[in-house]
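These notes are about the structure you will find just below.
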Amino acid sequence: MTEHDEMFVKTANDIAADIIKNQDLVGDDSAQQFISRAEKEAEIFENIEREGRELTVGIIGCVKAGKSTLLNALVFDGNQVLPKAATPMTAALTRIRFSKEPKAHIFFYQTSDWINIKAKNDQYNRQVEMEFQRRCNECQSQANSQGNSKREQKGGMLRSIKNTIADKVVLPTRKEVEADMCACGEIPDEVRSSHELVKMAEECRLDVDKYLGKEQIIDFQSGADYFSALTEYVGSEGQFTPIVNYTELYIDDSRLEGMEIVDTPGLNDPIVSRERKTVKFLEQCDVVFVASSVSQFLVESDIQLIRKKLNQNNIHRAYIVGTQLDSGVLQYKSRCKSLEEALSGSIIAYKKQAKDVISRINNTPNAPSIIRRLDESEPVFVSAMMYGIGKKMVADQPLSPEEDYIITNFKSRFMDFETVMENFEDYFVFSHIDTVKDDIFMRVSEEKEATIRERIEKLTVNQSAELLRLLEIVNTSVRMRLSSLESADAEVLERKLSQLSNKLDSIRSEISGIFQRQAEECNRIIQDTKIEISKEIGHHQDIEIEIRTEHHHETKHTGLFGLRNTLVEWDEHIKEVSSSQVINNVQQYAATAQRIINENFRKLFDIEGMKGRIKNCVIGAFDLANKDFDENEILLPLEVVLAGLTVQEVRFDFLEQLEESVDAEFPDGKAEGEAIHRLYALQSKLVNKVLQQLADLMQQQNERISNTMNVQSGTFVDTIEGKIAGNIEELKKQLKNKQENIVRYKRFIEKINTYKQRLKQFQR
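The numbering of the sequence shown is the working numbering, which starts it at 411 and goes up by one.
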């Protein structure tokens, strides 16, 4: 908290402490309202600061985009902390935070996740085997055709010709077929990636079932080599890499204080639950970097990544980061011999390319909202390689073979290299890493701080206003008690007590009727609300069906002895639905139903109308012209009791369970053919489950309200009577030292006026 905030909290606590000392002058209820509020002030400020204090940075990028190297440079000054991933599937989802107690929290796949991965691996093997057999048959068919032609020319035994042909046939190997299929994109990425995971687990001889559904904590020692420890879990050759779902990394590095990093995997994640978790993590980010290597800058896979992962409205800023700028500069026009010209020319060309790509996406239907933020931000281009070389020059450390190779290429490529790159500072300038850290990180951080500061300033104004209101209740109570003490004597107070019970007894029946009628009205509104949210279901059932075409072919053996091979080809049109649509429909229905319920519940309790009727009833029982009773003597205790009559909002907090049920039944994240009917049925089941859960919550609320009304119907008058009688009894005690207590009252009233002035300072 700032000094201003601390002063406000201290003022609130000082006033509360003084009220506690003089509680007999205030009355328990009025005093407790202020004290309870003051005690919460520090917590309220701490929560709002904790809620938004961290700067959350997201990194997305396709495989080989250099994300890990970029993060190591941006966050860890070029030190290798995060291992590089070899494939999209070995790039685990990682959250990185600061902690004085460094550790890694590893989350392994659930059993259902691994079943899905193995199913896709089986699909991979089937596709490769079918294609391998097809090509072998095709080669054999061609050879047979040639053999038949020779037989017609020379005649001879069928068997001897077949043997001759078999000797000459050169069949493809399975590995060759597999490589061709992957290179041509015939196998979907998520299927190929699943195969990589299963293959990797088998090569590591990993007992997968032993770890599925479990978590593991790795405690690091002070000054630990995080890289070595993490390599086993997220490295390209790590023993546990194939079964790690995601990790939360806590590092004792001051550069991470006030910051959280979300490092995401690439496209086509076969783990549907992790894909959604990635999107949820990105939703919380203040700034997102889209990393794309300039050697393949903003290609189609990058565009798909932006569309799939970043269709969010709440990301504050987004930047395109062209990585591996050193490679891009080396590729600049071959005749250019000037490094300065190549560097500036490369950046100009890449900026234009980024602008063209963003403009093209903007002009497509359903363009992601994040594109506007990318359009507002200037793309940046960095070289983590050059940054690392500069850091090693500062530390007088030897370069790696890869770094030596880059420097050698630059020297041979640009004749002015050694004059332009004279010292480590030139390498830092080339890298642009400090520009990203100093300009972008700082700007977003300052904007975030300003937003939090504005919220806190408004909070101070609002909180001080509320304390002023409660302090005035205290002030009114104290002045009323002083007035009663100054004018009262034992005889008057005794007469009040005797009159009190009779007057309140006369309205018991009417008060009971007010509460009973309110209970009936609440029940009516709740039943109507159930009908309303039931009708709402029809607006959340649409599912969009996509149709994809698969081309099939197989070789059939025909003719005499089946020697003739005929290639049969056909197209299959497959209907497909994404299961995420069902989750979205259920979520939208739940959100809409919850909104309807809470809007109706705000009208459920005509709290002000009921308070008015009760006030009129209670006050009407007393002759306020009678000097024995002051209006405030009745109203203040009445307000305290009525303040306890509230309606709780309905909160729907079981959506995650519904998501898990969809994932369990459709682990691929989609339904095809006949399975679409099962998906429709599941959606109907889940929506009705939401309806039933909400109806149950409303019924619980109805029972709570009904119970509250019944209790209040029988005890409300007794409570009011007890509070007024308690105040009278307190005055009777104070009469014993009347003059002394009158002085105490007056001094405390002066203090209250001073406290008001102190609180008013926070209204500016």
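For every residue, glycine included, the Cβ atom is placed at its ideal position computed from N, Cα and C.
Because the structure is a prediction, the values reported are computed rather than measured.
_Tell me which residue opens and which closes the alpha helix (DSSP H) that N423 is part of._
Per DSSP, N423 belongs to the alpha helix (DSSP H) from 413 to 431.
*Mind checking which residues open and close the alpha helix (DSSP H) that includes V654?*
V654 -> not in any alpha helix (DSSP H); beta strand (DSSP E) instead, spanning 654 to 661.
*Going by other Cβ atoms of all chains shown within 10 Å of its Cβ, with 16 needed for buried, is Y815 buried or exposed?*
exposed
*Buried or exposed by the 16-neighbour rule on C-beta atoms within 10 Å, applied to C594*: exposed
*Counting only runs that start and end within the stretch 735 to 760, where is the alpha helix (DSSP H) found for 4 or more residues in a row?*
735 to 740
_Buried versus exposed, by CB contacts within 10 Å (16 or more), K477_ = Classification of K477: buried, given that the 10 Å Cβ count is 16 or more.
*Give every residue of the same chain whose Cβ lies closer than 6 angstroms to the Cβ of T870, excluding the five residues on either side of it in the sequence, and list them in chain order.*
F418, F1172
_Whole-Å CB distance - I1138 paired with L903, under 8 angstroms assumed_ = 5 angstroms
*To the nearest angstrom, how far is it from the Cα of K1180 to the Cα of F455?*
The chain is shown only over 411 to 1174; residue 1180 falls outside these bounds and no answer can be derived.
_Buried versus exposed, by CB contacts within 10 Å (16 or more), H949_ = exposed
*So, do the stretch 801 to 817 and the stretch 435 to 451 have three or more beta carbon pairs nearer to each other than 8 angstroms?*
Contact fails: fewer than three Cβ-Cβ distances are below 8 angstroms.
*Where T939 and I1159 are concerned, what is the direct C-alpha to C-alpha distance, given to the nearest angstrom?*
Here the alpha carbons of I1159 and T939 stand approximately 49 angstroms from one another.
*asked:* Once DSSP output is grouped into helix, strand and coil, what is the label at Q807?
replied: coil
_Counted within 10 angstroms of its Cβ, other Cβ atoms place T583 as buried (16 or more) or exposed_ = T583 is exposed by the Cβ-count criterion.
*What is the rounded straight-line gap between the Cα of Y636 and the Cα of F820?*
32 angstroms
*asked:* Using only the alpha-carbon positions, how far apart do L465 and G1124 sit?
replied: 54 angstroms
_Residue nearest to I516 in terms of C-alpha spacing, selected from T651, A475, R602, G437_ = T651
*If we call anything under 8 angstroms between Cβ atoms a contact, is T733 one with A794?*
It is a contact, given that the beta carbons lie within the stated cut-off.
*Element boundaries [beta strand (DSSP E), containing G468]*: 465 to 471 is the span of the beta strand (DSSP E), which, as asked, contains G468.
*Does the Cβ of G1001 have 16 or more other Cβ atoms within 10 Å, making it buried, or fewer, making it exposed?*
Per the sequence presented here, residue 1001 reads as Ala, with Gly not at that position. Exposed is the call here.
*If we ignore side chains and look at the alpha-carbon of each, how far apart do K624 and Q552 end up?*
54 angstroms
*Between the C-alpha atoms of Y519 and Y621, what's the straight-line distance to the nearest angstrom?*
8 angstroms
*How long is the line joining the alpha carbons of K687 and Q694, rounded to whole angstroms?*
The straight-line gap from Cα to Cα measures roughly 11 angstroms.
_DSSP bridge partner residues for V700 (one or two, in chain order)_ = According to DSSP, which records beta bridges pairwise, V700 is partnered with I470, I730.
*Quick one: what does DSSP say L481 is sitting in, helix, strand or coil?*
helix
*Determine the direct distance from the alpha carbon of V587 to that of E541, and round the result to whole angstroms.*
So the alpha carbons of these two residues sit roughly 7 angstroms apart.
_I'd like the list of long-range same chain contacts for S874, defined as Cβ closer than 7 angstroms, with 5 residues on each side in sequence excluded._
Excluding the 5 residues flanking it on each side, S874 has same chain C-beta neighbours closer than 7 angstroms at F418, L1169, F1172, Q1173, in chain order.
*Taking only the alpha-carbon atoms, compute the straight-line gap between Q997 and E954 and give it to the nearest angstrom.*
16 angstroms
*Distance, Cα to Cα, S509 vs V672?*
Each residue's Cα considered, the two are about 16 angstroms apart.
*With a cut-off of 8 angstroms, do at least 3 Cβ pairs link the stretch 1084 to 1100 to the stretch 884 to 901?*
no
_If I follow the unbroken alpha helix (DSSP H) through V672, where does it start and stop?_
Membership of V672 in any alpha helix (DSSP H) is not indicated; the residue belongs instead to the beta strand (DSSP E) covering 669 to 673.
*List the endpoints of the continuous alpha helix (DSSP H) containing E511.*
Premise fails: E511 is in no alpha helix (DSSP H) and is neither H nor E.
_Close Cβ partners of N535 (< 8 angstroms) along its chain, the five nearest in sequence each way excluded_ = H605
*asked:* Considering Cα atoms alone, identify which of E642, Q763, E786 is closest to A728.
replied: Of the listed residues, the one whose Cα sits closest to A728 is E786.
*For F1076, which of helix, strand or coil comes out of DSSP?*
Correct three-state label for F1076: coil.
*asked:* Measuring only the C-alpha atoms, how far is N573 from C592?
replied: Note that N573 scores a pLDDT of 46, beneath 50, so its modelled location is shaky and nothing firm can be said.
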